[in-house]
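Presented below is the structure to which this report refers.
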Amino acid sequence: MYKKILLIFFLFSLMLLIPKNKFNEETSYVSSEKKLSYIYLLDNNNYLAKTDIQVKDEIKDLIDALIIDGPMEESIPSGFKSVINENTKLINYEINNKTLKLNFNKYLLEDNKDQVIESLVYTLTELEYIDNIILYIDGVIYKDGLLDRSIGINKIYNINDLNNVNKVTVYYSKVFNDKTYYVPVTKYLNDNREKITIIIDELNSTSLYTTNLMSFLNQDVKLINCIENNEELILEFNDAILNSENIILDEVIYTLIYSIKDNYDVKKVTFLVENKEILKKVLH
């Protein structure tokens, strides 16, 4: 018994002496099975767009897919391309309290710095266990510090006054090879209206056709009421939001859901048509 106690004490002491790296690569998010995960890649119009790929190791595979000619090149959907310099390497990473620390070599930000950062932040914060990221270059923290989706994406500035600027991210739909995908655009506007009102107006605007972006939202759709209560957003529309089969098109649902998720801190969205519940969606 005494010898067993000594052995346990020796092994415990040995563990304490083992040095710990600044970054410890996580393995708890590696699955033996592939699964779909969202990723933000460049489309044919140079927009960062939300599409999906099959991955096993979510963090590493997603980052590899963002690297030009990287290890996940064959997984990139047709019509899309990666954004990060091909010489970039992920040295290591660490997750702590939903913050992901990423340590890259010096080539990460050599090209298209804004798009690289936006694609990394938006791709990795799609994972439910990551809220923000911190970038390191060869172990040195990047100057902008903690990064989250508040940085915006595909930014458009439509302002005349630096005061009273409202920032709203709107998701539009596009189609390639009969597959629908979604493009977020962060707009900076001198518009103090409620964000959901701006989102609806942007999605049923006739000016969309000049931007290579699409929306399936009928131009006659009107938002009658909006209530935010207990992490739920309740939206009441007129019946123009329904199609000929009295349902809301998936493309309409997802442009609204994705837009709401990026602009509101809610967990559920309920769609009403003339005070009758049509649909309830839980945000993931």
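Residues 0 to 283, numbered by numbering that gives the first Met the number 0, are exactly what the sequence shown covers, in order. Positions of the beta carbon are idealized from the N, C-alpha and C atoms, including for glycine. All values derive from a computational prediction rather than experimental measurement.
(request) Give the range of the alpha helix (DSSP H) segment to which Gln316 is assigned. (result) Because the chain spans 0 through 283 in this model, residue 316 falls outside it and cannot be assessed.
(message) Quick check on Pro183: buried or exposed, where buried means 16 or more other Cβ atoms within 10 Å of its Cβ?
(response) Translated into positions along the sequence shown, residue 183 becomes position 184. Result: buried.
(message) Let me confirm a value: Asp258 is counted as buried when at least 16 other C-beta atoms fall within 10 Å, else exposed. Which label applies?
(response) Residue 258 sits at position 259 when you count from the first residue of the sequence shown. A small fix is needed here, since residue 258 is Ser in this sequence, not Asp. Result: buried.
(message) Between Gly69, Asp51, Lys97, Tyr263, which has its C-alpha nearest Asn229's C-alpha?
(response) Residue 229 sits at position 230 when you count from the first residue of the sequence shown. Considering only alpha carbons, the answer is Tyr263.
(message) Can you tell me whether Ser77 is buried or exposed? The criterion is at least 16 other CB atoms within 10 Å of its CB, across all chains shown.
(response) The residue labelled residue 77 in the question sits at position 78 within the sequence shown. Burial call: exposed.
(message) Measuring alpha carbon to alpha carbon, tell me which residue in Lys186, Leu271, Ile129, Ile58 is nearest Asn96.
(response) Within the sequence shown, numbered from 1, the residue matching residue 96 stands at position 97. For Asn96, the nearest C-alpha among the options comes from Ile129.
(request) Quick one: residues in its chain with C-beta nearer than 7 angstroms to the C-beta of Val281, no 5 flanking neighbours on either side, listed in chain order? (result) Looking up residue 281 in the sequence shown gives position 282. Cβ within range, chain order: Lys266, Lys267.
(request) Tell me the start and end of each unbroken alpha helix (DSSP H) in the region 50-108 that is at least 4 residues and wholly inside, in chain order. (result) 57-65
(request) Alpha carbon to alpha carbon, how far is Thr269 from Glu231? Give it in angstroms, no decimals. (result) Against the sequence shown, residue 231 aligns to sequence position 232. Against the sequence shown, residue 269 aligns to sequence position 270. When rounded, the distance between both Cα atoms is 7 angstroms.
(message) On a Cα-Cα basis, can you pick out the residue from Asp113, Leu47, Lys88, Ile277 that is closest to Ser81?
(response) Sequence index remark: in the sequence shown, residue 81 carries index 82 (1-based). When each option's Cα is compared against that of Ser81, the closest is Leu47.
(message) Counting C-beta neighbours from all protein chains within 10 Å, is the total for Asn153 16 or more, i.e. buried, or is it exposed?
(response) Locating residue 153 in the sequence shown gives position 154, where the first residue counts as 1. Looking at its Cβ environment, which holds 16 or more other Cβ atoms inside 10 Å, Asn153 is buried.
(request) Could you work out which residue in Lys55, Ser118, Asn162, Ile195 is closest to Phe236 when comparing CA atoms only? (result) Along the sequence shown, read from residue 1 onward, the residue named residue 236 stands at position 237. The residue with the shortest Cα to Cα distance from Phe236 is Ile195.
(message) Using CA atoms only, rank isn't needed, just tell me which of Ile226, Leu35, Asn45, Asn44 is closest to Ile52.
(response) For the purposes of this step, residue 52 is identified with residue 53 of the sequence shown, where counting begins at 1. For Ile52, the nearest C-alpha among the options comes from Leu35.
(message) Measuring only the C-alpha atoms, how far is Glu24 from Lys112?
(response) As a position in the sequence shown, residue 24 is number 25, starting the count at 1. As a position in the sequence shown, residue 112 is number 113, starting the count at 1. Only weak support exists for where Glu24 lies, its pLDDT of 47 falling under 50; the value from the coordinates is given anyway. When rounded, the distance between both Cα atoms is 25 angstroms.
(message) For a test of the three-state rule: what should DSSP assign to Glu273, helix, strand or coil?
(response) Here residue 273 corresponds to residue number 274 of the sequence shown, with the count starting at 1. Reduced to three states, the DSSP call for Glu273 is coil.
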